[in-house]
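Take the sequence shown: its position 297, counting from 1, is numbered 818 in this note's numbering, and each next residue is one higher.
Even for Gly, the Cβ is constructed at its ideal location relative to N, Cα and C.
Since this is a predicted model, take the numbers as computed values, not measurements.
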Amino acid sequence: MSKDVFGGLHVKGSTKGTSNELSLSILEERSSQASEKGASPRTILPSDSLGSGVEVFTVPGDAQSLNSGKKKASSPVADSRTLNLSSGRGGAAASSAAALSNEIARRKRRRHIRTAIISVAILAVAALVAGSGFLYVQSMYDQHVRNLDLLSTSMDELEAADATVVGMDEAIASKVDIESVDDLQTIINSIPTAETHVNAALSFATDADINMWDSEDKEAAGQVEKAAQARLEMFEYGGIILKADIRTVQAMEALDECWATVLAGEETMKQSATLVADSTPENTEQSEQLTYEAISTFNTALDQLSAVRDIYDVDGLDAIESYIYKRIEENEYALASDAAIYIQDKSTADEQNKLYNQADAEALELLKSIPEDPKDLILDAYDEEMEEPRNAYYNARSSAAASDEFLREYLGASAQTD
């Protein structure tokens, strides 16, 4: 039994799942989710969280500003100095006492200044610690936001390749004919651009994954990496399959034309043989003309077979080539027989007829190695050649679908299936 002309390509039973498993069309939620992932810097680090009593965003003043608002405490020594400013010995004693009081007051001021400086230093250190803690947390927060932004961007890039991924997947799961070649070529042409987007997604996700600390977000980044890597494999093997599809349907179309030419040559041979059965001069002449026509037709078939080989050269085509050459050889014996009949050379005519019949038997034997529908030769070669790429494609597809399912759940949406 022969196969349906194009029935051997893309049997749906070999597919798993549906193409919409590979689409991330609900990623518009990621921006709002990214903003909800982190709190503001003030929420992360309250102003009094360090227990210092110092507002995080308040810079302590210097020693001068701290002391300028304080009222200096009065001193009994200072009071007596101002009350005893008479002259003479009393004045000298008062002067001596005043000098002592001045020294005491000067030392007190130094102590006050040192105390103020130490206080300012303590406040400065506290502020520095508080500021450093804030800067550290702020840095962590900024990095977290950056990572979420990278994750969101990676998903954008992944989604940008969806049209090609889904289109390719549907094409691979569908039957193919000569009319679909242009559509297949369009998908093939779109793969390089889609690969650029997927490679960008992989790069962004990897960058985010390296610096993430949140397990859920980190896992999401890892799943984007897996989804991207799986898509790149799908593009690699899907491209191989689609190119083989185009090559195969074009070769089958060309072989169909070639075989139709072979059958036309055989029909001409039959007409020639019928005429020569009654070997009148007129019949012999017409038979000879038909024989030349048959040879020309078979040569055309050889040219067409060469075109098939240029598209998709498979081992089974050798049998068709041998068959055509044998038919040409057979017709050459017919011409030799006709020439002998012209000159009434019965012995030569009989000898050439025997060679003709022998060649005809050999041709029929060769025909047994050719399928009823010769296109099956190409289909069988295609199936064997595509077995490994197909398995690799569907393995990658399964990985991509699993990662996409995780990402849909991560974004708060369930997978949509037909």
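PRO910 to ILE762, Cα distance in whole Å? The straight-line gap separating the alpha-carbon atoms of PRO910 and ILE762 is approximately 7 angstroms.
Can you tell which of VAL686, ALA722, GLY837, THR714 has its C-alpha closest to the C-alpha of ASP894? It is GLY837 whose Cα lies nearest to the Cα of ASP894.
With a threshold of 16 other CB atoms inside 10 Å of the CB of ASN668, please say whether the residue is buried or exposed. With 16 or more other Cβ atoms within 10 Å, it is buried.
Cβ atoms of VAL745 and ALA721: under 8 angstroms apart, would you say? Remark: C-beta atoms of ALA721 and VAL745 do not approach each other more closely than 8 angstroms.
Check each candidate in SER675, ASP698, ASN804, THR714 and name the one with the smallest Cα separation from GLN771. Ranking SER675, ASP698, ASN804, THR714 by Cα distance to GLN771 puts ASP698 first.
Any idea what DSSP makes of VAL697, helix, strand or coil? In this structure, DSSP gives VAL697 a state outside helix and strand, which the three-state scheme calls coil.
Give the single residue among ASP704, MET676, LEU679 whose Cα lies nearest to the Cα of CYS689. It should be pointed out that residue 689 corresponds to Met in this sequence rather than to Cys. Among ASP704, MET676, LEU679, the Cα nearest to that of MET689 belongs to ASP704.
What residue from TYR877, LEU885, ALA694, LEU928 has the CA that sits closest to THR812's CA? Comparing Cα-Cα distances from THR812 to each of TYR877, LEU885, ALA694, LEU928, the minimum goes to TYR877.
Span of the alpha helix (DSSP H) holding MET907? Taken as a continuous stretch (DSSP letters only), the alpha helix (DSSP H) holding MET907 covers 896-931.
Out of THR685, ASP925, ALA855, which has the shortest C-alpha to C-alpha gap to THR707? Looking from the CA of THR707, the closest CA among THR685, ASP925, ALA855 belongs to THR685.
If we require 4 or more residues per run, which alpha helix (DSSP H) segments fall completely within the region 754-840? Within the region 754-840, the complete alpha helix (DSSP H) runs of at least 4 residues are 802-832.
Please state whether the Cβ-Cβ distance between ALA822 and THR782 is less than 8 angstroms. For ALA822 and THR782, yes; Cβs fall inside 8 angstroms.
Check whether the Cβ atoms of ALA749 and ALA715 lie closer than 8 angstroms to each other. Result no, Cβ atoms of ALA749 and ALA715 do not sit closer than 8 angstroms.
Cβ neighbour criterion (16 or more within 10 Å) applied to GLN825: By the beta-carbon neighbour count (other beta carbons within 10 angstroms, threshold 16), GLN825 is buried.
With 16 as the cutoff for other CB atoms within 10 Å, does TRP978 come out buried or exposed? Residue 978 falls outside the range modelled here, since the chain spans only 522 to 939, and no answer is possible.
Using a threshold of 8 angstroms, state whether the C-beta atoms of MET755 and ALA921 are closer than that. Remark: C-beta atoms of MET755 and ALA921 approach each other more closely than 8 angstroms.
Tell me the rounded alpha-carbon separation between GLY925 and TYR758. Checking the sequence shown, residue 925 turns out to be Asp, not Gly. Each residue's Cα considered, the two are about 19 angstroms apart.
Secondary structure of GLU691, DSSP reduced to three states: Helix at GLU691.
Quick one: what's got a C-beta closer than 6 angstroms to ASP881's C-beta in the same chain, skipping five residues either side? Beyond the five residues adjoining it in sequence on each side, ASP881 comes within less than 6 angstroms, by CB distance, of GLU851 in the same chain, given in chain order.
Please name the residue in ALA742, SER858, VAL687, SER843 whose C-alpha comes closest to that of SER793. Comparing Cα positions, the closest option is SER858.
Rounded to a whole number of angstroms, what is the C-alpha to C-alpha distance between ALA785 and LYS747? Their Cα atoms are separated by approximately 56 angstroms.
Evaluate ASP871 with the Cβ neighbour count: other Cβ atoms within 10 Å of its Cβ, from every protein chain shown; 16 or more gives buried, anything less gives exposed. Exposed: under 16 other Cβ atoms inside 10 Å.
Taking DSSP as the reference, what is the three-state secondary structure of PRO713? In this structure, PRO713 counts as helix in the three-state DSSP scheme.
Roughly how many angstroms lie between the CA atoms of ARG929 and LYS739, to the nearest whole one? Each residue's alpha carbon lies about 15 angstroms from the other.
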